[in-house]
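Written out below as structure tokens is the structure these notes cover.
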Amino acid sequence: MAAAALKSWRSGAWAVALLLLLLLFALHFLSGAVLKSEELSRWFIPLLVFIVIGLVTLSIVVAVNLVRLLRDYRRNEAGARFMARMVVMFVLLGIAPVGIVYYYSLQFLMQGIDSWFNVQIDSAMADALELNQATLNMNKRLLLRYTEQMLENIDDSSQTALTLTLSDLRTRSGATEVALATPQGEILASSHVNPEVLVPSTPDPLILQQVVSGKNYVQFMTYGESGELYIRALVADLSRGLVFQAIFPTSERISELSENVQSAYAAYRQRAYLRESIKFSFILALSLVLLVSVFAAAWAAFYTSRRMVAPIQAIAEGTRAIADGELDGQIPVPRYHDELGFLVASFNAMTRRLAQARDVAEQSKRALEFQREYLEAVLHHLSTGVVALDAKGNLRTANRAAEQILGADVTRYEGQPFANLARDYPELEALVGMVSNAIDAGEQDWRRELVLNRAEGRQFLICGYTRLQVVKSSEIGCVVVFDDVTTLVKAQRDAAW
Numbered sequence: 338m339a340a341a342a343l344k345s346w347r348s349g350a351w352a353v354a355l356l357l358l359l360l361l362f363a364l365h366f367l368s369g370a371v372l373k374s375e376e377l378s379r380w381f382i383p384l385l386v387f388i389v390i391g392l393v394t395l396s397i398v399v400a401v402n403l404v405r406l407l408r409d410y411r412r413n414e415a416g417a418r419f420m421a422r423m424v425v426m427f428v429l430l431g432i433a434p435v436g437i438v439y440y441y442s443l444q445f446l447m448q449g450i451d452s453w454f455n456v457q458i459d460s461a462m463a464d465a466l467e468l469n470q471a472t473l474n475m476n477k478r479l480l481l482r483y484t485e486q487m488l489e490n491i492d493d494s495s496q497t498a499l500t501l502t503l504s505d506l507r508t509r510s511g512a513t514e515v516a517l518a519t520p521q522g523e524i525l526a527s528s529h530v531n532p533e534v535l536v537p538s539t540p541d542p543l544i545l546q547q548v549v550s551g552k553n554y555v556q557f558m559t560y561g562e563s564g565e566l567y568i569r570a571l572v573a574d575l576s577r578g579l580v581f582q583a584i585f586p587t588s589e590r591i592s593e594l595s596e597n598v599q600s601a602y603a604a605y606r607q608r609a610y611l612r613e614s615i616k617f618s619f620i621l622a623l624s625l626v627l628l629v630s631v632f633a634a635a636w637a638a639f640y641t642s643r644r645m646v647a648p649i650q651a652i653a654e655g656t657r658a659i660a661d662g663e664l665d666g667q668i669p670v671p672r673y674h675d676e677l678g679f680l681v682a683s684f685n686a687m688t689r690r691l692a693q694a695r696d697v698a699e700q701s702k703r704a705l706e707f708q709r710e711y712l713e714a715v716l717h718h719l720s721t722g723v724v725a726l727d728a729k730g731n732l733r734t735a736n737r738a739a740e741q742i743l744g745a746d747v748t749r750y751e752g753q754p755f756a757n758l759a760r761d762y763p764e765l766e767a768l769v770g771m772v773s774n775a776i777d778a779g780e781q782d783w784r785r786e787l788v789l790n791r792a793e794g795r796q797f798l799i800c801g802y803t804r805l806q807v808v809k810s811s812e813i814g815c816v817v818v819f820d821d822v823t824t825l826v827k828a829q830r831d832a833a834w
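Using our numbering, you'd call the opening residue of the sequence shown number 338 and step up by one each time.
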């Protein structure tokens, strides 16, 4: 038992050592996630959760050992005072150097991180973004005015003339697509830079409703399979009942510059926003290192001191194991021969005698199990059908002869009411009813002849019923036995004829 205890402690030590190693790796990656702010949201939270779980696990291990130490200390058990001194010493040795490093590192972080960021470009970035937006808005207003002028140049004429006019306007304006429609959205004519495109891009009904109500529309949109940025402009001439749409391409350079300005400003704002978060993350990482060091020192104190007092506590652990029924373990006998060694040897001898007594009990149990299996084998080879029911009429067991005589899979109904047999085998209704009535009436025993009507003819059975009660128990059941005498009855009738 002492060997098992020591082995358990060693396996537990390996588990805690592995946990500490994983925590060190997690702290290392956590600092890397803090330094690389673009990956902070991806890795910081999972690593933090893992470290917190590891610290909670370590705290539980230390708390359990502390509770055990306090209990042993109050009971004045051997090794308790020594363990207390070791725990205090290791914790102090762990806190002192780590605490000094923690304090100065914290001061460095509070004063140094602000120098990483140049916040003077904040206003310049905002002005650049505003200038970019103003330029785009001016471009949109110019194109909207150009679209209004194109609508004024369209005369009411035939379908062919409208198509030629729209094609000319599209070519001169540099638009990718122009279309003329009614206020209801019906396309009158259109022209596209690609002649193969016959159906123009239709605006959203809400946009069309806005234009019809008197508010012209101009806005950026993604157009085509490539998803490039275009400008859609819609104007209306309600006096003539016309709605004109023009789609203009944007300059690739303008789109690129606009996207770069917005991306740079968003990245700068993100870094400025994460400044306080990075401070907090570094402080949190240092605090986690401090906690890991303290808990590791405390656990090392418990583990080392417990190994030193293990020989004294082995007998107590072995006694508790015997009380729990564990009789196979043996306490390692100390190499030196003294009173403690004699006590350990005597304890091992007592454990072996208890194990022998347990083995004798198990052999008796196996003998009883053999007798039960033997009885089942006898019933299995009887030619007479045997069915056993409990007090509620549920089928407990049936031998193979019962299935052969009744022509039914009786064992399939074990644990179910015997009446279910008649539900699936109606020809057995007479037998099931007779047995059920006997159970309900509380009959003790009888022997009767029963006739079952089957498709191939009548079957004659000699049935016996006996009510049973287990000795020294209130459990009541019954046994039904029956033989198939159909052949005998037919022979008697043939002889009589």
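Glycine residues also receive a C-beta, built at the ideal position from the N, C-alpha and C atoms.
The stretch 624-641 and the stretch 652-659 do not touch, with fewer than 3 CB-CB distances between them shorter than 8 Å. The three-state reading of DSSP puts residue 537 in coil, since its state is none of H, G, I, E or B. Nearest Cα to residue 489 within the set 443, 355 and 580: 580.
Around the Cβ of residue 441, a 10 Å sphere holds fewer than 16 other Cβ atoms; the residue is exposed.
In this structure, the straight-line span from the alpha carbon of residue 754 to that of residue 823 is close to 28 Å. Looking from the CA of residue 730, the closest CA among 542, 634, 816 and 715 belongs to 816. Per DSSP, the unbroken alpha helix (DSSP H) holding residue 826 starts and ends at 823-833. Exclusion of the five residues before and after residue 485 leaves 553 and 572 as the residues of its chain whose Cβ lies within less than 8 Å of its Cβ. Taken through DSSP and simplified to helix, strand or coil, residue 499 comes out as helix. According to the DSSP assignment, residue 542 belongs to the alpha helix (DSSP H) that extends over 542-549. Out of 555, 444 and 497, the CA that lies nearest to the CA of residue 482 is found in 555. The shortest CA-to-CA distance from residue 537 to any of 529, 636 and 569 is the one to 529. For residue 767, no beta strand (DSSP E) segment is defined; the enclosing uninterrupted segment is the alpha helix (DSSP H) at 766-778. Pairing residue 765 with residue 789, the inter-Cα distance amounts to about 7 Å.
Straight through space, the alpha carbons of residue 702 and residue 821 are spaced by roughly 38 Å. Taking the C-beta atoms as reference points, residue 740 is found nearer than 8 Å to residue 748.
Contact between residue 527 and residue 545 is absent: CB atoms are separated by about 15 Å, not below the 8 Å threshold. In the three-state DSSP reduction, residue 369 falls in the helix class (H, G or I). As for any alpha helix (DSSP H) of minimum length 4 sitting wholly inside the stretch 625-672, the runs are 647-660, ordered along the chain. Contact between residue 691 and residue 439 does not hold, since the beta-carbon distance rounds to 55 Å and is not under 8 Å. Sequence-distant Cβ neighbours of residue 559 in its own chain, meaning closer than 8 Å and more than five residues away, are 565, 566 and 567. Between residue 557 and the set 584, 725 and 770, the nearest pair of CA atoms involves 584.
Residue state for residue 575 is assigned as coil, using DSSP reduced to three classes. Assignment of residue 786 by DSSP, reduced to helix, strand and coil, places it in the strand class. Shown here, residue 520 sits in coil according to DSSP, grouped into three states, outside any helix or strand. Each of 708, 637, 427 and 720 was checked against the Cα of residue 350, and the nearest Cα belongs to 637.
Going by C-alpha positions, residue 413 is about 28 Å away from residue 686. Residue 742 and residue 819 do touch by the CB rule: their CB atoms are close to 6 Å apart, below 8 Å. The beta carbon of residue 722 lies closer than 6 Å to those of 738, 739, 742 and 819 in the same chain, with the five residues before and after it left out. Scanning the stretch 723-747 for uninterrupted alpha helix (DSSP H) segments of 4 residues or longer gives 737-743, listed from N- to C-terminal end. Around residue 435, the same chain offers 626, 627, 630 and 631 as residues with beta carbons nearer than 8 Å, after the five sequence neighbours per side are excluded. C-alpha of residue 361 to C-alpha of residue 478: approximately 60 Å in a straight line. Counting only the Cα atoms, residue 475 lies some 30 Å from residue 501. For residue 728, the closest C-alpha among the options 805, 513, 791 and 399 is that of 805. In chain order, 406 and 642 place their CB closer than 6 Å to the CB of residue 420, counting only its own chain and leaving out the 5 sequence neighbours on each side.
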